[in-house]
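>
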Amino acid sequence: MKHSIIKSEAHRWRSLDIRSDDGHPMETLLANPAPRLQELILVGPRAWAPLTNVFEGTAPKLEVVKLTLSKIEEHPPQLETLLDIVASSPQLSELAISLTSIQLDTYNASRRATLPNLQSLAVEYLDPEIMTVLLNSIEAPPSAAIFLGTVLEGDKEMAVELEDVSTWLVARARSLRNGTCTLSLKMGCKMRSDWSEDGEYGDWDATLKYETEGNDLGTISIRVNAPAAQQVGVLSYLTGKIQPYTEALPNKIRFVDINRDCPEKEDTNLLCAMHRIFPNIREIELVKLEYGAMIDALSRLFPRPGSGTSPLFPHRTTLTIDRSEHRDWVGWFQAYRKQTDEGGVSLLPHHLTLELEEGHGEFDVDDLQVLQKLASGPLSLDNVQAN
């Protein structure tokens with residue numbers, strides 16, 4: 027009864043969001059003409075109800091389609107069915123498909139769904155074969171932002187596991203070729219749902235975001251779910267794939283949200299890995315790093331005098347620090363200056379611009395004086411609350 031009432035209003039739908047463990051609502055609601063429908067979101071179910079004519083071909087105004095069908099256990103949809111949905115919607119601007127079982131039984135390798143107005147394409151956590159076929163079946167404009175997600179199983183070589191996502195990354199880098207871009211690298215922790223008594227962490231998501239500037243190429247973001255021990259290797263592998271097409275670029279590397287103490291060994295440290303690939307980077311950003319990771323980064327960017335250690339990224343001209351608290355790491359610099367000759371900072375690069383973003387708490391005149399002596403170039407404070 028409920029579905030029949032909703033069904034009677036199909037001609038007025040602007041947005042349809044179905045979240046169900048039962049496939050029958052999809053069978054009932056997706057079979058009706060919906061000429062004004064702009065947004066379609068499907069989450070679930072355990073059983074997909076096969077359709078031969080989605081919306082009876084009358085949903086040409088679809089702009090957003092999001093499919094998260096992670097619970098499908100029976101009769102997953104055919105790829106042809108999904109392509110029917112998107113191909114009948116030339117105004118589609120956002121398409122997201124994740125955690126989805128898809129059948130390829132009736133797949134036509136020559137078929138392409140051309141989406142000239144697509145602004146965002148997200149394909150995450152599918153079977154590798156399905157991901158490859160799906161991506162090859164969709165033609166998106168170069169300006170579309172691409173979001174890819176995959177899982178590193180660990181029983182295969184990394185090059186094999188990451189082949190699909192790295193192919194798209196290389197294609198974007200080749201198209202840009204020596205244009206201006208920013209490379210963002212993120213390591214975040216995903217806790218286990220069943221926490222062990224020793225508080226052991228679960229898998230980590232490593233994310234690489236390749237943002238272009240001043241051109242018509244969209245951003246590409248790749249997220250890889252993998253054990254913590256493989257995170258740096260994953261990001262190093264992906265970054266290494268684009269290095270031949272960037273030469274002196276990217277002009278900026280952003281390290282984001284690293285929530286653990288970085289390993290002391292250089293071969294497993296993210297900053298050290300990026301220094302080996304892009305030693306001539308001019309701009310470095312440290313964004314919302316956990317305190318231990320922040321101090322580790324600073325100690326590698328500004329090694330103690332007499333340590334015999336060379337600074338990472340010695341050609342940097344700008345260091346941006348974005349944290350909710352600034353005084354804790356400023357205290358590290360105070361200790362650092364006391365260990366330098368005559369309290370100076372001679373080991374810092376000339377004309378270094380230091381930029382602080384966000385931040386609150388106890389941040390006073392003494393802290394500013396330390397930073398002014400640190401920065402041989404301009405000192406920039408953006409939305410920083412100081413006492």
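Letter 223 of the sequence shown, counting from 1, is numbered 249 in the working numbering, and no numbers are missing.
Yeah, the Cβ is synthetic: ideal placement off N, Cα and C, and Gly gets one too.
From what residue to what residue does the beta strand (DSSP E) around residue 94 run?
The count along the sequence shown starts at 1 and reaches residue 94 at position 68. 90-94 is the span of the beta strand (DSSP E), which, as asked, contains residue 94.
> May I have the straight-line CA-CA distance separating residue 206 from residue 170, to the nearest angstrom?
Position 180 of the sequence shown, counting from 1, holds the residue named residue 206. Position 144 of the sequence shown, counting from 1, holds the residue named residue 170. Residue 206 and residue 170: Cα-Cα distance of roughly 17 Å.
> Below 8 Å between beta carbons: does that hold for residue 211 and residue 282?
Counting from 1 along the sequence shown, the entry for residue 211 is found at position 185. Counting from 1 along the sequence shown, the entry for residue 282 is found at position 256. In contact: residue 211 and residue 282 (Cβ atoms closer than 8 Å).
> Between the alpha carbons of residue 52 and residue 148, how many angstroms are there, rounded?
To locate residue 52, count along the sequence shown from 1; it is residue 26. To locate residue 148, count along the sequence shown from 1; it is residue 122. Approximately 22 Å between the Cα atoms of the pair.
> Which value, in whole angstroms, describes the spacing of the CA atoms of residue 231 and residue 261?
Here residue 231 is taken as the residue at index 205 of the sequence shown, counted from 1. Here residue 261 is taken as the residue at index 235 of the sequence shown, counted from 1. Their backbone Cα atoms lie some 11 Å apart in a straight line.
> Return the residue from the list 342, 190, 317 and 137 that minimises the CA-CA distance to residue 310.
Counting from one through the sequence shown, the residue named residue 310 turns up at place 284. Looking at the Cα atoms, 342 is the closest of the given residues.
> Go ahead and label residue 357 buried or exposed: buried means 16 or more other beta carbons lie within 10 angstroms of its beta carbon, across all protein chains shown.
The residue given as residue 357 occupies position 331 in the sequence shown. Under this definition residue 357 is an exposed residue.
> Tell me the start and end of each unbroken beta strand (DSSP E) in the region 143-197 that is at least 3 residues and wholly inside, in chain order.
Fully enclosed beta strand (DSSP E) runs of 3 or longer: 146-150 and 171-177.
> How many whole angstroms separate the CB atoms of residue 112 and residue 118, which I take to be in contact at a CB cut-off of 8 Å?
Translated into positions along the sequence shown, residue 112 becomes position 86. Translated into positions along the sequence shown, residue 118 becomes position 92. Contact flag correct, Cβ pair sits at about 6 Å.
> Cβ atoms of residue 151 and residue 195: under 8 Å apart, would you say?
Residue mapping note: residue 195 aligns to position 169 of the sequence shown, counting from 1. Residue mapping note: residue 151 aligns to position 125 of the sequence shown, counting from 1. Not a contact, by the Cβ cut-off of 8 Å.
> Name the residue from 46, 39 and 346 whose alpha carbon lies nearest to the alpha carbon of residue 61.
As a first step, residue 61 must be located in the sequence shown, where it is residue number 35. Selected option, being the one with the closest Cα: 39.
> Please say whether residue 139 and residue 101 have beta carbons closer to each other than 8 Å?
For this step, residue 101 is matched to residue 75 along the sequence shown. For this step, residue 139 is matched to residue 113 along the sequence shown. No, they are not a contact pair.
> Taking one C-beta from the region 291-306 and one from the region 329-347 each time, how about it: are there three or more such pairs within less than 8 Å?
The region 291-306 vs the region 329-347: in contact.
> Whose C-beta lies closer than 6 Å to the C-beta of residue 257 among residues of the same chain, with five residues either side of it excluded?
In the sequence shown, residue 257 corresponds to position 231, counting from 1. Correct list, in chain order: 213, 230 and 232.
> For the alpha helix (DSSP H) containing residue 132, list its first residue and its last residue.
The residue given as residue 132 occupies position 106 in the sequence shown. Looking at the DSSP string, residue 132 is not in any alpha helix (DSSP H), and its letter there is neither H nor E.
> In this structure, does DSSP put residue 316 in helix, strand or coil?
Here residue 316 is taken as the residue at index 290 of the sequence shown, counted from 1. Residue 316: coil per DSSP, three-state reduction.
> Which same chain residues, not among the five before or five after residue 87, have their C-beta less than 8 Å away from its C-beta?
The count along the sequence shown starts at 1 and reaches residue 87 at position 61. Counting only Cβ-Cβ distances below 8 Å, and skipping sequence neighbours, we find 61, 62, 63, 64, 115 and 117.
> Once you ignore the five residues that flank residue 12 on each side, which residues in its own chain have a CB closer than 8 Å to its CB?
The structure shown has nothing for residue 12, since the chain only spans 27 to 413.
> May I have the straight-line CA-CA distance separating residue 123 from residue 337, to the nearest angstrom?
Residue numbering aside, residue 123 sits at position 97 when the sequence shown is read from its first letter. Residue numbering aside, residue 337 sits at position 311 when the sequence shown is read from its first letter. Computed Cα separation, rounded: 43 Å.
> Looking at the strands, I want to know which residues DSSP matches up with residue 236.
Translated into the one-based positions of the sequence shown, residue 236 becomes position 210. Note: residue 236 sits in a beta bridge opposite 209 and 246.
> In terms of alpha-carbon separation, which member of 129, 271, 132 and 250 lies closest to residue 198?
Position 172 of the sequence shown, counted from the start, is the residue given in the question as residue 198. Considering only alpha carbons, the answer is 271.
> On a Cα-Cα basis, can you pick out the residue from 329, 332, 312 and 37 that is closest to residue 345?
Working through the sequence shown from its first residue, we reach residue 345 at position 319. Among 329, 332, 312 and 37, the Cα nearest to that of residue 345 belongs to 312.
> What are the boundary residues of the alpha helix (DSSP H) that includes residue 106?
For the purposes of this step, residue 106 is identified with residue 80 of the sequence shown, where counting begins at 1. 105-113 is the extent of the alpha helix (DSSP H) around residue 106.
> Run the CB neighbour count on residue 330, radius 10 Å, all protein chains shown included, and call it buried at 16 or more, exposed below.
Residue numbering aside, residue 330 sits at position 304 when the sequence shown is read from its first letter. Residue 330 is exposed by the Cβ-count criterion.
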